[in-house]
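Undergrad: One structure follows; several queries about it will come next.
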Amino acid sequence: MPHSNAVGRRSFLKMAALAGVAGGMSGLAASGVTRSATKEEMANPFPNSKIVKTVCTVCSVGCGVRAEVENGVWVRQEVAQDHPVSAGGHCCKGSDVIDMVRSHCRVKYPMKKVGGKWKRISYK
Numbered sequence: 015m016p017h018s019n020a021v022g023r024r025s026f027l028k029m030a031a032l033a034g035v036a037g038g039m040s041g042l043a044a045s046g047v048t049r050s051a052t053k054e055e056m057a058n059p060f061p062n063s064k065i066v067k068t069v070c071t072v073c074s075v076g077c078g079v080r081a082e083v084e085n086g087v088w089v090r091q092e093v094a095q096d097h098p099v100s101a102g103g104h105c106c107k108g109s110d111v112i113d114m115v116r117s118h119c120r121v122k123y124p125m126k127k128v129g130g131k132w133k134r135i136s137y138k
């Protein structure tokens, strides 16, 4: 007799109820971890940062981006509401462009595949 991995309706409902309870309990456990931001933090969460107007380079449209930079690190971005091309709009790729820069998986140096493994090489 072949083994079936199908989940019955009753088993599914039991698992869904358990998942809901577990999710609710995790919210209760974390309630004391966070705090509300102060008025100063709401007005300027990165006090030593500067705003750099730039464009998204994911596609050829070039939507406007207001990048907030602190100590040379891109810490936050917003859509440029006054940009003549995008007029305050952004696609989902553009809204995630900051993660392409900050990702630990991004390529930071020129690389060459040698013997099936990536090796760092010089820019020359």
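Every number in this note's numbering is 14 more than the matching position in the sequence shown, counting from 1.
C-beta: ideal position from N, C-alpha, C; glycine also.
Just so you know, these numbers come straight off a predicted model, no measurement behind them.
Threshold first: 4 residues or longer. Then list the alpha helix (DSSP H) segments lying entirely within the segment 18-65, N to C.
TA: Uninterrupted alpha helix (DSSP H) stretches at least 4 residues long and entirely within the segment 18-65 occur at 23-43 and 53-57, given in chain order.
Undergrad: What would DSSP say about K122, mapped onto helix, strand or coil?
TA: coil
Undergrad: What's the C-alpha gap between P59 and S136?
TA: 38 Å
Undergrad: Measure from the alpha carbon of S100 to the alpha carbon of each residue in L32, S25, M29 and C70, then state which is nearest.
TA: C70
Undergrad: Measure the alpha-carbon distance for R49 versus G38 and round it to whole angstroms.
TA: 19 Å
Undergrad: Based on Cα-Cα distance, which residue from V89, V79, G108 and V35 lies nearest to D96?
TA: Nearest of V89, V79, G108 and V35 to D96, Cα basis: V79.
Undergrad: Is the beta carbon of V83 sitting closer than 8 Å to the one on V66?
TA: A Cβ-Cβ contact shorter than 8 Å links V83 with V66.
Undergrad: Under the rule that 16 or more other beta-carbon atoms within 10 Å means buried, what is C77, buried or exposed?
TA: buried
Undergrad: Can you grab the Cα-Cα spacing for the pair T68 / G130, in whole Å?
TA: Between T68 and G130, the C-alpha separation is close to 38 Å.
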